[in-house]
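A.B. asks: Have a look at this one before I ask anything.
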């Protein structure tokens with residue numbers, strides 16, 4: 001059996017989120033034991049000097065026993081960001097006057 005076929009036979013459910021140059025894939029897959037788990041893949045499109053497109057991919061495997069903790073930390077983190085910075089997007093790409101801020105962590109307590 002081909003490697004491609006093996007990797008895709010255990011896919012049960014897929015959702016795709018396109019976000020600019022990034023695409024996020026949420027794939028429910030099945031283990032050999034018959035249980036389900038989630039993979040979240042970030043795929044970022046880059047262009048080489050010759051104009052050829054390449055894709056940089058990062059993947060997270062998330063198992064059922066971690067769903068609740070992951071969901072809680074994700075919500076807490078996103079709520080913190082929205083609470084601190086609002087929902088407006090601020091970046092060099094969107095604001096030509098954007099200035100990056102640098103900072104230094106002085107102690108372990110600041111981490």
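Numbering (UniProt numbering), first residue to last: 1 to 111. Ideal Cβ positions, reconstructed from N, Cα and C, are used throughout, including at glycine. Since this is a predicted model, take the numbers as computed values, not measurements.
(1) Grouping DSSP H, G and I as helix and E and B as strand, with all else coil, what is residue 90?
(2) The alpha helix (DSSP H) that contains residue 79, what's its start and end?
(3) Could you spell out the range, first to last residue, of the beta strand (DSSP E) harbouring residue 14?
(4) In chain order, what residues of the same chain have a beta carbon less than 8 Å from the beta carbon of residue 4, not counting five sequence neighbours either side?
(5) Residue 39 and residue 24 look like a contact to me (Cβ under 8 Å); what is the Cβ gap, rounded to whole Å?
(6) Return the first residue and the last residue of the beta strand (DSSP E) that residue 53 is part of.
(7) Just the Cα atoms here: how many angstroms apart are residue 83 and residue 76?
(8) Once DSSP output is grouped into helix, strand and coil, what is the label at residue 27?
(9) Report yes if the CB atom of residue 53 is closer than 8 Å to the CB atom of residue 59, and no otherwise.
C.D. replies: On the basis of the coordinates in this document:
(1) Mapped onto the chain shown, residue 90 falls at position 90. DSSP places residue 90 in coil when its eight states are reduced to three.
(2) By 1-based counting over the chain shown, the position of residue 79 is 79. Where residue 79 is concerned, the enclosing alpha helix (DSSP H) stretches over 67 to 85.
(3) The count along the chain shown starts at 1 and reaches residue 14 at position 14. Here the beta strand (DSSP E) through residue 14 covers 11 to 19.
(4) Here residue 4 refers to the residue found at position 4 when the chain shown is read from its first residue. Caution is warranted here: a pLDDT of 47 is assigned to residue 4, below 50, making its placement in the model unreliable, and the coordinate value is therefore given only provisionally. Taken in chain order, the list of residues that qualify is empty.
(5) Numbered from its first residue, the chain shown carries residue 39 at position 39. Numbered from its first residue, the chain shown carries residue 24 at position 24. The beta-carbon separation of residue 39 and residue 24, rounded to 11 Å, does not stay under the 8 Å limit for a contact.
(6) As a position in the chain shown, residue 53 is number 53, starting the count at 1. Note, residue 53: beta strand (DSSP E), 53 to 63.
(7) The residue given as residue 83 occupies position 83 in the chain shown. The residue given as residue 76 occupies position 76 in the chain shown. Those two C-alpha atoms are separated by around 10 Å.
(8) Residue mapping note: residue 27 aligns to position 27 of the chain shown, counting from 1. Strand.
(9) Taking the chain shown and counting its residues from 1, the one referred to as residue 53 is at position 53. Taking the chain shown and counting its residues from 1, the one referred to as residue 59 is at position 59. Not in contact: residue 53 and residue 59 (Cβ atoms no closer than 8 Å).
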